[in-house]
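A.B. asks: One structure, as structure tokens, below. Some questions next.
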Amino acid sequence: FFDWLIQFCWIVRQRMGISNEKIRYILQFFFDKGENASQAAENVNSVFGPDTVTVSHGQFQFHCGNFDVKDYSRSGRPIAKNVDNIMYIVESGRHLRTVLITQEIKLARKTVWNHLNKAEYE
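Per the working numbering, numbering of the sequence shown is gapless, rising by one per residue and ending at 125.
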């Protein structure tokens with residue numbers, strides 16, 4: 004039993020308003036009941052709709068007493084802040100080259116270029 008590993012990968016349907024954390028609590032319940040991954044996925048999908056939970060390897064695991072179900076914030080660059088910074092720089096000096104903007108914000112030139120294209124700046 005010590006080596007038993009259940010791994011889940013799920014796709015949460017936003018229209019249902021159900022969080023990943025809630026899905027993990029439900030999956031933990033079925034794990035505690037002694038059900039395997041396929042049985043748990045079938046039960047969750049019967050209530051919340053098909054493809055709410057899919058069984059696969061590598062995404063989520065209850066392993067040997069590790070029942071942490073909380074959603075933790077992920078590291079990474081705050082996208083909205085970067086876009087706001089790009090737009091602020093462009094609006095204050097419209098004739099700047101993308102190289103100067105990338106040096107100022109410390110983003111890849113392609114990223115800056117993509118955001119400028121989305122905002123319809125040429």
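Virtual Cβ for every residue (Gly too), placed ideally from N, Cα, C.
1. Under 9 Å, do I26 and T55 count as touching if we go by C-beta distance?
2. In whole angstroms, give me the CA-to-CA distance for T105 and R112.
3. Tell me whether the beta-carbon of F34 lies closer than 9 Å to the beta-carbon of A43.
4. Report the option in K109, H118 and T101 whose CA atom is closest to the CA atom of V86.
5. Using beta-carbon positions only, say whether V102 and I108 come within less than 9 Å of one another.
6. Start and end of the alpha helix (DSSP H) containing S41?
7. Hey, quick one: how far does the alpha helix (DSSP H) through H98 stretch, first residue to last?
8. Specify the secondary structure class of L110 as computed by DSSP and reduced to three states.
9. Under the three-state reduction of DSSP, which class applies to K36: helix, strand or coil?
10. What three-state label does DSSP hand V93 in the structure shown?
C.D. replies: Taking the structure as given:
1. Within the sequence shown, the letter at position 23 stands for residue 26. Within the sequence shown, the letter at position 52 stands for residue 55. Yes, they are a contact pair.
2. Walking along the sequence shown from the start, residue 105 turns up at place 102. Walking along the sequence shown from the start, residue 112 turns up at place 109. Roughly 6 Å between the two C-alpha positions.
3. Residue 34 sits at position 31 when you count from the first residue of the sequence shown. Residue 43 sits at position 40 when you count from the first residue of the sequence shown. The beta carbons of F34 and A43 sit closer together than 9 Å.
4. Translated into positions along the sequence shown, residue 86 becomes position 83. Of K109, H118 and T101, the residue nearest in Cα terms is H118.
5. Along the sequence shown, read from residue 1 onward, the residue named residue 102 stands at position 99. Along the sequence shown, read from residue 1 onward, the residue named residue 108 stands at position 105. No, the Cβ-Cβ distance between V102 and I108 is not below 9 Å.
6. Reading the sequence shown from its first residue, position 38 is the one you call residue 41. Segment A40 to F51, the alpha helix (DSSP H) holding S41.
7. As a first step, residue 98 is located in the sequence shown; it is residue number 95 there, counting from the start. Segment: none, H98 is in no alpha helix (DSSP H) and carries neither H nor E.
8. Position 107 of the sequence shown, counted from the first residue, corresponds to residue 110. L110: coil per DSSP, three-state reduction.
9. By one-based count along the sequence shown, residue 36 stands at place 33. In this structure, K36 counts as coil in the three-state DSSP scheme.
10. In the sequence shown, counting from the first residue as 1, residue 93 sits at position 90. It is helical.
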